[in-house]
Amino acid sequence: MGETEDVKEGDGSGAEVVIDVDNESTYVTPKRVKVDDSLVNSNALCKDFESGSEHPKDVITGLCRLFYSLRWATGTGGGISIRENGRIYLAPSGVQKERMHPNDVFVLDESNGSVIESPVDSKLKISACRPLFMLAYELRNAGACLHSHSIHCVLATLISPGKEFRVTHLEMMKGIEGVGYEDTLVIPIIENTPHEEQLESSMKSAMMEYPNSPAVMVRRHGYYVWGKSWKQAKTQAECLDFLFETAVRMHQLGLNHSDSSLSHQ
Numbered sequence: 002m003g004e005t006e007d008v009k010e011g012d013g014s015g016a017e018v019v020i021d022v023d024n025e026s027t028y029v030t031p032k033r034v035k036v037d038d039s040l041v042n043s044n045a046l047c048k049d050f051e052s053g054s055e056h057p058k059d060v061i062t063g064l065c066r067l068f069y070s071l072r073w074a075t076g077t078g079g080g081i082s083i084r085e086n087g088r089i090y091l092a093p094s095g096v097q098k099e100r101m102h103p104n105d106v107f108v109l110d111e112s113n114g115s116v117i118e119s120p121v122d123s124k125l126k127i128s129a130c131r132p133l134f135m136l137a138y139e140l141r142n143a144g145a146c147l148h149s150h151s152i153h154c155v156l157a158t159l160i161s162p163g164k165e166f167r168v169t170h171l172e173m174m175k176g177i178e179g180v181g182y183e184d185t186l187v188i189p190i191i192e193n194t195p196h197e198e199q200l201e202s203s204m205k206s207a208m209m210e211y212p213n214s215p216a217v218m219v220r221r222h223g224y225y226v227w228g229k230s231w232k233q234a235k236t237q238a239e240c241l242d243f244l245f246e247t248a249v250r251m252h253q254l255g256l257n258h259s260d261s262s263l264s265h266q
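Counting from 1 along the sequence shown, just add 1 to a position and that's the residue number in this note's numbering.
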């Protein structure tokens, strides 16, 4: 587990530099300040993701804040994980995603998913998404896997009565790896279960049946999406959300979002 030092120089902000000895990397634990009587991480509010060398704990914290602002992770829902150097970094379960701290992140052994580093707060629980995330790493060799509770996805599953979501001839399809404008993007849909971990079997089956899909949708629930890196997973999540919303709006207008002939009208 890493060593922690208080920053001595500067304005006495209370920030910390955390040195992760085992992983040979460093990340900054931001100070916490009050805004409207709520504790927030000041520099995480404007955090960007330009540096590929950011520590996974910082990236997960920033992504959780972003996803909360997009309403993909409200009500403590959703989840984010990143794989790096034989470790899997995983946001905890049942936390306010917009108030997460880097020290709240679990670290797992990539080989078997066991916990090798727990959060500073011992009351935090491992995410129920863990077995689903592990599928992305085991079956797709992913570098990151995200879970969104997007309302656009929920509605898209409800206007797709079968086991597939299909869309074609929409520009944002090009943000999905291996998919072009004139292709038909097909995302499998599985049925929801009372508990997250119960999705494992059906999600594995869907991933095996649709090897080219970058995601699995869960009816009335949300979706899991992965990528080679957290940046690709984030990009594909954003593109998919756009496509889900567009499909729902087309449906409201009486248009078929999987009908390529509409592009010629």
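All residues carry an ideal CB built from backbone N, CA and C; glycine is no exception.
Just so you know, these numbers come straight off a predicted model, no measurement behind them.
Establish whether the CB of Gln253 and some CB of chain B are separated by less than 8 Å. In summary, chain B is missing from the structure at hand, where a single protein chain is found.
Would DSSP call Gly176 helix, strand or coil? helix
Have a look at Ile81, Pro162, Gly223 and flag the residue whose alpha-carbon is nearest the alpha-carbon of Val234. It should be noted that the sequence gives Ala, not Val, for residue 234. Out of Ile81, Pro162, Gly223, Ile81 has the C-alpha closest to the C-alpha of Ala234.
What does the Cβ neighbour count give for His258, buried or exposed, with the cut at 16 atoms within 10 Å? buried
Confirm, please, whether the CB-CB distance from Phe68 to Ser149 is below 8 Å. yes
Relative to the C-alpha of Glu210, which candidate in Asn104, His102, Pro93, Arg141 has its C-alpha closest? Arg141
Which ranges would you report for the beta strand (DSSP E) in the segment 112–172 if only whole runs of at least 3 residues count? 116–118, 145–149, 165–169
C-beta atoms of Val121 and Asn104 nearer than 8 Å: yes
Would Gly228 pass as a contact of Pro215 if the rule is Cβ separation under 8 Å? yes
Comparing alpha-carbon positions, which option in Arg88, Met101, His102 lies nearest Val108? Arg88
Determine the extent of the beta strand (DSSP E) in which Pro189 is found, giving its start and end residues. 185–191
Under three-state DSSP, which class holds Leu244? helix
Boundaries (first-last residue) of the alpha helix (DSSP H) holding Tyr69: 57–70
Check the C-beta distance from Ala92 over to Glu197 and give it rounded, since I have them as a contact under 8 Å. Contact doesn't hold; Cβ gap of about 13 Å is too wide.
Ignore the nearest five residues each way along the sequence and tell me which others in Asp110's own chain have a CB closer than 6 Å to its CB. Ile117
Is DSSP giving Arg84 helix, strand or coil here? strand
Compute the Euclidean distance between the alpha carbons of Gly114 and Tyr224, then round it to the nearest angstrom. 21 Å
Considering only C-alpha positions, which residue in the set Thr62, His252, Gly79, Arg221 is nearest to Val168? His252
N- and C-terminal bounds of the beta strand (DSSP E) containing Met218: 216–219
When Leu241, Arg131, Leu186, Thr194 are compared against His170, the one with the closest alpha-carbon: Leu186
Can you tell me whether Ser161 is buried or exposed, with buried defined as 16 or more other CB within 10 angstroms of its CB? buried
Quick one: residues in its chain with C-beta nearer than 6 Å to the C-beta of Pro132, no 5 flanking neighbours on either side, listed in chain order? Glu198, Glu201
So which of Trp73, Tyr138, Gly63 has the shortest CA-CA distance to Glu1? Here the chain has residues from 2 to 266 only, and residue 1 is not among them.
List the residues that DSSP assigns as beta-bridge partners of Leu91. Ser82, Phe107
What does the Cβ neighbour count give for Leu256, buried or exposed, with the cut at 16 atoms within 10 Å? exposed
Segment limits, beta strand (DSSP E) that includes Val1: This structure gives no information on residue 1, because the portion of the chain shown stretches from 2 to 266.
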